[in-house]
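> Encoded as structure tokens, here's the structure I'll be asking about.
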Amino acid sequence: MEELTTLVMAKYNYWGVVILLGIGLYAMIAKNNLVKKIIGMNIFQTAIILFYISISTKYGASIPIIHHGHGHTIHPADYMNPLPHVLMLTAIVVSVATLGVALALAVRIYNHHDTLEEDEVLSQLTTDESTQA
Amino acid sequence: MSSQIPAFIIVVPLLAALVVNIAGWARRSLCFPTAVCALAAAWISTIIVMLRVSREGDIIYRMAGWDPPWGISWHIDHLNALILILIATVALINIVATRSTAAQEFPDRLGIFYCLYLLFVTGVMGIVITGDVFNLYVLLEIASLSGYALLGMGGSRASVSSLNYLFMGTIGASLYLFGTGYLYIATGSLNMVDIASILPTLENISLIKVSFVLCLVGLFMKMAFFPLHTWLPNAYSHAPGPSASLIAPLTTKVMLYVMIRVALTIYQPDFAFSQMALQDIVVWLAVIAIISGSILAWKQDRLKRMLAYIIVVEVGYMAGGFWLGNQTGVTGAVLHIVNDAMMTLCLFLTAGAIASRINADAFKHLQGLFRRMPFTMTAFMVAALSIIGVPPTCGFFSKWYLLSGGIEAGHYEFTAALIISSLINVLLFFRVVEISYYEPFDNHQENEQQGIQEASLDMLLPLLATAGLLIVLGFYAHSLVTWIIEPAVSSLFTGSL
Amino acid sequence: MKSFGLACVVLLCAALIYSTMNFPDWGSLNSPASEHVSDYYIQNALEETAVPNLVTAVLADYRGYDTLFETTVILTAGFACFFLLRRYRRKPPPYRLYRHIETGVTLIIEQGGKEPTESEEFMRIDSQWVPYDLVIQKAARLVIPFLQLFALYVIFHGHHSPGGGFQGGVILGATLILLAIANDLRSTTKRISERISAQLASTGVLVYAGTGALCLLLGANFLDYSALSRLIATDPVMARSHGILLVEIGVAIAVSAVMIWIYYNLVSAGRHDEGL
Amino acid sequence: MIPIVSVKPLIAVLVSLAVIPVLISARKPNVREAWTFAAAFGKFAIVASMVPAVMAGRTLEFSITTLFAGIAFKLEVDAFGLLFALVSSFLWIVTSAYSIGYMRGLDEHSQTRYFCYFAAALSATIGVAFSANLLTMYIFYEILSLSTYPLVTHHQDREARSSGRRYLLYIMVGSIGLVLPAMVIVYLLAGTLDFAAGGLLAGSLSAVPALFLLLMFVFGFSKAAIMPVHAWLPAAMVAPTPVSALLHAVAVVKVGVFCVFRVITEIFGPGMLHDFGYGPLLCAIAAVTILVSSFIALSQDNLKRRLAFSTIGQLSYIVLGAALLTQSGMAGGMLHIAMHAFGKITLFFCAGAIVVATGVKNISEMTGIGKQMPATMGAFFIGSLSVIGLPPCGGFISKWHLAIGTIEADQLIMLAVLLLSSLLNAAYFLPVVYRAFFCTESESLFANQIKEAPGWCLAPPVLTAVASILLFFYPQPFLGLSRLAVTRILGG
């Protein structure tokens, strides 16, 4: 029982990430409303951002800004790992950009079909196609 | 200054995209010339880089002056240089060919169209040239985002299929990012060569296997490999002409290059092919991709949708060829990347020319095209023969390598699939030829005085140049293989990076 | 379809959770991720770039090429929204609403009717009837300057404290979006036109790529700021720090302009007439 | 004998391709025809100029580029290739003269396209004749099948569409489906695809795979019209007569048989086939085709379809010759390529002349035509004598060698098949001639208002008829070439 708790304490962040990933993926697959799908996509991307950030933490380390000036020896254990933070700054920007483009496409669909429900959009398209053909 | 040539390949198109946007708001006429000059400059620098690589061996370009594991570095070998030239050529031919159709299709946003065009080319070139795993993800996103926008501007269905493509593409890219996250946890570094040197020293293999599977599934999704290809036919068939003939030849091929780079450079061939029991599964998936893609292509009644399904089949060729595991198979896959990009460009340019002239895409509207648009249809014929695999054209040579690779590796089902799909291609293309060659039988005379409605000259010349290139590629396939692909593949296999 | 989707998602999660077993513990000091490359950054970043904030140092210098393309991603999103949504055809709305300021009476002018000129007396309001929100407008007018000042602080103080080009740029963009939400879209587009925001977006990234190209012209590799030392007569390490600052400014300009540009297009679905 | 490196074979192949742009740009039809003639004469002259060198036992070769490791895009002129090239280039001269008359007689549409594709088909035929390895031959084989598709479907009507579809299906399925994989396997086994005198795969293959490979090649080259894959030939008769005359009697079908001959003799090699005992098997396949096609020919009323089925039978003689694996058997097969070409082209020319003059296509409507068109029917008679193999005409020599070959290979059943099929040939040719000349006044369907075909359509059949007679007395260039080729194959 005791080593179970240590296991949980050591790994629960990764499980949180995976569960978030599952929620995002499920939302994208199963949800009918386009905006809900977009939200699901965002959850999916945020889960991966959390995964990287949880890699960078060190127990008992402070934020990666060197507080005393030159001359002192710097021990890596005092500061968190800066690299994942840099990467995730980029990943956040990328997810915002994808969100922007997805919303633009959703607005365009709404302008054209007056609905955001995917099944209604598809049924309108099939009727358009049958009339067109 | 001459050692900085590799940087020009990425910097020039990027700066051009920015300048085009700024200038575009002031004077619309500036956009096209700047874009063409930028792409021409990039094309020339890719050729110079290719010559340097073949003369002095691989080029390592340290970005911001930092050594590889600390900063981002480019590692350009024969494979990179070849694909770079391919991308630059396709982009240059396409921008010149689709000038009039782009102006006709996007009258009020032409400036931004060329910005997105240049950013897409920068993203794709960046993917091929970079040696850093995370940087590849960022450039993947640039290429995809500009791709979604370019594809989304088509007809009524275009935005729906583009949104669908966005969802699938984002899941694919995020899975790739998740896979690199696993790699980062295991090795602590992001540079491909550095990871490759650390991986053998690690003991928990299962972590690396899961990361490989995640990366692979992500790339399969971006590559439209069979079970995950559902986004491609809609996205490419409803897209506007100029963007379809840019994106169709490039995205799937570049994703295949990324798969080759990830599988052979990072995970080393003995891990990728032997320890991972993936080889048979992927080859069988490729066989299913080839057969069902061909059958689905046969069921289509619109030209562009048929071409889209043929792309799915070609991806099956290349992925299956690569996963055969032996050097001939990989050589065939790389040669097929080059050939298929040119073939797809030629086909989509003809589809664009036909659509611009007759603005109809269904087969029944293509009647009597051989007489009305003789030159466009001859280019279509050359590309069709190349896809079928008729000798003088380049498609035959890559199919030959794939066939002999399949037999050497003992995957006879892959060879059989190749043959069957070539035969189905014969049926596909000669159905189009029949429709466009035989006028409607009753009004033969009435069609006579309609005369020739050939596509405009500035679209026709690049189209015929591409068709000619297909035949030239055929004749020089051997020298292309011996000078460029053979050293690339052998260096990949011996892992002597 | 839903149950099948749920099943394979649950299956995928189970497999992934099983694979997390052999991850290093959370926060452990000797996990490979926090030894190899990050130790180098922690120990050498201060000497090599004279920037105490390691994240900014790595962001703008060690992996500056990454950040250049990060800004380009935002720019691509801006282009994409414009390209997909922007509609120039002036399809006049069926009716327009005008409010008489003193009495608060709202006039509905049908198409073609005589429209009062926008002056002290009358002001045009959106067709989705907008409540008379004096409090929000005045509060916004009061708060926005201080917000922008804080944004500038975040941009320029990125070397020493958490912050930098992106965070500052977003705050800057947010202030203008607040202005647009408090009043209405037309007043903000008059203040910052779409053309300026589009060109500013590109200029921001041009500043970033320009500094990189400048280093290229000075003979060093792309984005190698130490080459700037010849221009601004300082030692290479300080040149790197100044290079990082220059780059952060470029990023801030780009991000704020693109935020506004995307807001304009998304909110008014491309017509830039009536919006949130 | 060290081979001479000379660019002549390449020029021979390219001369007709070079003339295509000139044909397209030609304003008046006469200029276009003149250029076609010039090309034909030029090609024949170049091919003929190579005869002395080859007769002296040397081979000319020219390598253009390397296609794969160990395979070059190489042309090599040897005795057998030269024999076939001589026949087809000479007959192209005659056919282009004939097609002027035919096309003008029926004023067909888009004649420029016709002449261009004809020139392309001929250059591909000469390319196959001069190819040094299996891959070059395959490349020219594909170009030939693609350049003849528009010729077969020249009339662009519904019937042309369906027969064109069948034509392409048989040939492309055969070439891509069977020959391509077989070639890859041979390349993997032998490392190269060059034709080797004693057989490329001699000894490097066990019995069963060799059989599969052999059958893949034999039935893959569906242009050889061996029984199960023959159905495209009667369907291709929908083409204009000069096309069926030159292509479906001389060029296209002979290319198929030429490829099968090369594969049997120079890829598998007589030695290996003899050890595995596959010679008699191939003879049986050929014999079946000969007999069945002759029986079907008996029942055909349309003259061109009857000629088509007779061609299928005659082609299998050549395959039979190759399959006998003996000295004179192979020589007989090679000779039959030449002799049958002259005979059959005369028959097709006469059929075309009848169509131009009277528009009659079926044999039942041809009673009494001999009196009105004596020259045409006279040429028809000589042509049929040559195809049957009776003495005054060249066909006799090749059948004579075939008969000796069967005896050398002591396969007497094949001798019986040979004789029986000659009888069947007579049975389906001579009644046509008899009914044309020796019918009573009342039965003659042609009151004497029709007259001979126009000059351009009459001279070629008479010329080829006379040529087939001359060949009986002076078979020299072909006989010498075939003997030389056989010594090279058997000599090893």
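The listed protein sequences correspond, in order, to chains A, B, C and D.
Each residue of the first sequence is one higher than the one before, starting from 2 at the first, in our numbering.
Each residue of the second sequence is one higher than the one before, starting from 17 at the first, in our numbering.
Each residue of the third sequence is one higher than the one before, starting from 38 at the first, in our numbering.
Each residue of the fourth sequence is one higher than the one before, starting from 30 at the first, in our numbering.
Quick reminder that beta carbons are idealized off the backbone N, C-alpha and C, glycines included.
#1: Quick one: give me the first and last residue of the beta strand (DSSP E) that HIS303 of chain D is part of.
#2: Using the three-state DSSP reduction, which class does ASN110 of chain B fall into: helix, strand or coil?
#3: May I have the straight-line CA-CA distance separating HIS365 of chain D from ALA158 of chain D, to the nearest angstrom?
#4: Pull up the distance between the alpha-carbon of SER402 of chain B and that of SER176 of chain D, whole angstroms please.
#5: Going by C-alpha distance, which of D:ALA77, D:PRO309 and D:VAL44 is nearest PHE66 of chain D?
#6: Using three-state DSSP, classify SER160 of chain D as helix, strand or coil.
#7: Could you tell me if TYR164 of chain B is buried or exposed, where buried requires 16 or more neighbouring beta carbons within 10 angstroms of its beta carbon?
#8: If we define contact as Cβ-Cβ less than 7 Å, is VAL292 of chain D a contact residue for chain B?
#9: Verify the CB distance criterion: does VAL360 of chain C have a CB-CB separation below 7 Å to chain B?
#10: Looking at the strands, I want to know which residues DSSP matches up with LYS72 of chain D.
#11: For a contact meaning CB atoms closer than 9 Å, what does TYR200 of chain B contact in chain A?
#12: Report the three-state DSSP secondary structure of ASN151 of chain B (helix, strand or coil).
#13: Enumerate, from N- to C-terminal direction, the unbroken beta strand (DSSP E) stretches of 3 or more residues contained entirely within the segment 351-383 of chain B.
#14: Under 7 Å between beta-carbons, which chain A residues line up against PHE236 of chain B? List them in chain order, please.
#15: How big is the Cα-Cα spacing for ILE21 of chain B and VAL65 of chain B?
#16: Would you mind telling me which residues of chain D sit closer than 7 Å to SER172 of chain B, beta carbon to beta carbon, in chain order?
#17: In chain A, what lies closer than 8 Å to GLU157 of chain B by C-beta?
#18: Below 8 Å, can you find three or more Cβ-Cβ pairs linking the segment 152-167 of chain B to the segment 209-222 of chain B?
#19: Let me make sure I understand the geometry here. Which of C:LEU255, C:ARG123, C:MET296 and C:SER305 has the alpha-carbon closest to that of SER19 of chain B?
#20: May I ask you to report which of helix, strand or coil DSSP gives SER305 of chain C?
#21: At 7 Å on the CB atoms, spell out the chain C contacts of ASN14 of chain A, in chain order.
#22: Look at the Cβ atom of ALA108 of chain D, then the Cβ atom of LEU510 of chain D, and state whether they are nearer than 7 Å.
#23: Kindly say whether TYR164 of chain B, judged by its beta-carbon, lies nearer than 7 Å to any beta-carbon of chain A.
#24: Report the option in D:PRO420, D:HIS277 and D:LEU209 whose CA atom is closest to the CA atom of PRO263 of chain D.
#25: So LEU248 of chain B packs on ILE327 of chain B, CB below 8 Å; how close in whole Å?
#26: If you draw a straight line from the C-alpha of ASP272 of chain C to the C-alpha of LEU91 of chain C, how long is it?
#27: Let's see if you can read the secondary structure: which residues bound the alpha helix (DSSP H) around PHE129 of chain B?
#28: On a CA-only basis, which of D:LEU441, D:VAL462, D:ILE417 and D:PHE248 is nearest THR405 of chain D? Give me that one, please.
#29: Just the chain D side, please: which residues come within less than 7 Å of PHE396 of chain B by C-beta, in chain order?
#30: Say whether chain C places a C-beta atom closer than 7 Å to the C-beta of TRP20 of chain B.
#31: What span of residues does the beta strand (DSSP E) with MET160 of chain C cover, start to end?
#32: Below 7 Å on C-beta distance, what does ASP129 of chain A contact in chain B?
#33: Does chain B have any CB closer than 7 Å to the CB of ASN90 of chain C?
#34: Using DSSP with H/G/I as helix, E/B as strand and the rest coil, what is ARG78 of chain B?
#35: Can you grab the Cα-Cα spacing for the pair ASP458 of chain B / THR182 of chain D, in whole Å?
#36: At a cut-off of 6 Å, is HIS196 of chain C close to the ligand ZN when judged by its beta-carbon and the heavy atoms of the ligand?
Per the coordinate set shown:
#1: By one-based count along the fourth sequence, residue 303 of chain D stands at place 274. First-last for HIS303 of chain D: 299-305, but that is the alpha helix (DSSP H), not the beta strand (DSSP E).
#2: Locating residue 110 of chain B in the second sequence gives position 94, counting from the first residue. For ASN110 of chain B, the three-state secondary structure derived from DSSP is helix.
#3: Walking along the fourth sequence from the start, residue 365 of chain D turns up at place 336. Walking along the fourth sequence from the start, residue 158 of chain D turns up at place 129. Rounded to the nearest angstrom, the two C-alpha atoms are 16 Å apart.
#4: Looking up residue 402 of chain B in the second sequence gives position 386. Looking up residue 176 of chain D in the fourth sequence gives position 147. In a straight line, the C-alpha of SER402 of chain B is about 15 Å away from that of SER176 of chain D.
#5: If you number the fourth sequence from 1, residue 66 of chain D lands on position 37. Looking at the Cα atoms, D:VAL44 is the closest of the given residues.
#6: Against the fourth sequence, residue 160 of chain D aligns to sequence position 131. DSSP places SER160 of chain D in the strand class (E or B) of the three-state scheme.
#7: Locating residue 164 of chain B in the second sequence gives position 148, where the first residue counts as 1. Label assigned to TYR164 of chain B: buried.
#8: As a first step, residue 292 of chain D must be located in the fourth sequence, where it is residue number 263. Taking 7 Å as the threshold, the shortest C-beta distance from VAL292 of chain D to chain B does not fall below it.
#9: Nothing can be reported for residue 360 of chain C: it is not among the residues displayed for chain C, which extend from 38 to 313.
#10: Within the fourth sequence, the letter at position 43 stands for residue 72 of chain D. Under DSSP, LYS72 of chain D shares a beta bridge with no residue.
#11: The residue you call residue 200 of chain B lines up with position 184 of the second sequence. Per Cβ cutoff of 9 Å: TYR53, ILE56, LEU84, PRO85 and LEU88.
#12: If you number the second sequence from 1, residue 151 of chain B lands on position 135. Of the three classes helix, strand and coil, the one that applies to ASN151 of chain B here is helix, per DSSP.
#13: The qualifying runs do not exist here; there are none.
#14: Position 220 of the second sequence, counted from the first residue, corresponds to residue 236 of chain B. Neighbours of PHE236 of chain B across chain A, judged by C-beta separation under 7 Å, do not exist; the nearest C-beta is about 16 Å away.
#15: For this step, residue 21 of chain B is matched to residue 5 along the second sequence. For this step, residue 65 of chain B is matched to residue 49 along the second sequence. Their Cα atoms are separated by approximately 7 Å.
#16: Numbered from its first residue, the second sequence carries residue 172 of chain B at position 156. Under the 7 Å cutoff, chain D gives no residues; its nearest Cβ is about 36 Å from SER172 of chain B.
#17: For the purposes of this step, residue 157 of chain B is identified with residue 141 of the second sequence, where counting begins at 1. Within 8 Å Cβ-Cβ: VAL95, ALA98 and THR99.
#18: Of all C-beta pairs linking the segment 152-167 of chain B to the segment 209-222 of chain B, fewer than three are shorter than 8 Å, placing the two stretches out of contact.
#19: Numbered from its first residue, the second sequence carries residue 19 of chain B at position 3. The closest CA to that of SER19 of chain B, considering only C:LEU255, C:ARG123, C:MET296 and C:SER305, is found on C:LEU255.
#20: By 1-based counting over the third sequence, the position of residue 305 of chain C is 268. Looking at SER305 of chain C - three-state DSSP - the assignment turns out to be coil, as it is neither helix nor strand.
#21: Position 13 of the first sequence holds residue 14 of chain A. Correct list: TRP63.
#22: Position 79 of the fourth sequence, counting from 1, holds the residue named residue 108 of chain D. Position 481 of the fourth sequence, counting from 1, holds the residue named residue 510 of chain D. Taking 7 Å as the Cβ cut-off, ALA108 of chain D and LEU510 of chain D qualify as a contacting pair.
#23: The residue labelled residue 164 of chain B in the question sits at position 148 within the second sequence. Chain A contact via Cβ: present.
#24: Your numbering for residue 263 of chain D matches position 234 in the fourth sequence. The option with the nearest alpha carbon to PRO263 of chain D is D:HIS277.
#25: Position 232 of the second sequence, counted from the first residue, corresponds to residue 248 of chain B. Position 311 of the second sequence, counted from the first residue, corresponds to residue 327 of chain B. Right, their Cβ atoms sit about 6 Å apart.
#26: As a first step, residue 272 of chain C must be located in the third sequence, where it is residue number 235. As a first step, residue 91 of chain C must be located in the third sequence, where it is residue number 54. Rounded to whole angstroms, ASP272 of chain C to LEU91 of chain C spans 20 Å at the Cα level.
#27: Locating residue 129 of chain B in the second sequence gives position 113, where the first residue counts as 1. First-last of the alpha helix (DSSP H) with PHE129 of chain B: 126-145.
#28: Against the fourth sequence, residue 405 of chain D aligns to sequence position 376. Considering only alpha carbons, the answer is D:VAL462.
#29: Indexing the second sequence from 1 puts residue 396 of chain B at position 380. Within 7 Å Cβ-Cβ: nothing; PHE396 of chain B doesn't reach chain D, min ~14 Å.
#30: The residue given as residue 20 of chain B occupies position 4 in the second sequence. Here the sequence assigns Gln to residue 20 of chain B, which means Trp is not the residue at that position. GLN20 of chain B belongs to the set of residues whose beta carbon lies under 7 Å from a beta carbon in chain C.
#31: As a first step, residue 160 of chain C must be located in the third sequence, where it is residue number 123. Counting along the chain, MET160 of chain C sits inside the beta strand (DSSP E) bounded by residues 159-162.
#32: Within the first sequence, numbered from 1, the residue matching residue 129 of chain A stands at position 128. Residues of chain B with a Cβ closer than 7 Å to the Cβ of ASP129 of chain A are, in chain order, SER172.
#33: Within the third sequence, the letter at position 53 stands for residue 90 of chain C. ASN90 of chain C does not count as touching chain B.
#34: Position 62 of the second sequence holds residue 78 of chain B. Strand at ARG78 of chain B.
#35: In the second sequence, the residue the question calls residue 458 of chain B occupies position 442. In the fourth sequence, the residue the question calls residue 182 of chain D occupies position 153. Note that ASP458 of chain B scores 49 on pLDDT, short of 50, meaning its location in the model is unreliable; the coordinates nonetheless yield the value given after this. Between ASP458 of chain B and THR182 of chain D, the C-alpha separation is close to 17 Å.
#36: As presented, the structure is devoid of all ligands, the ligand ZN included, so that no description of it is given.
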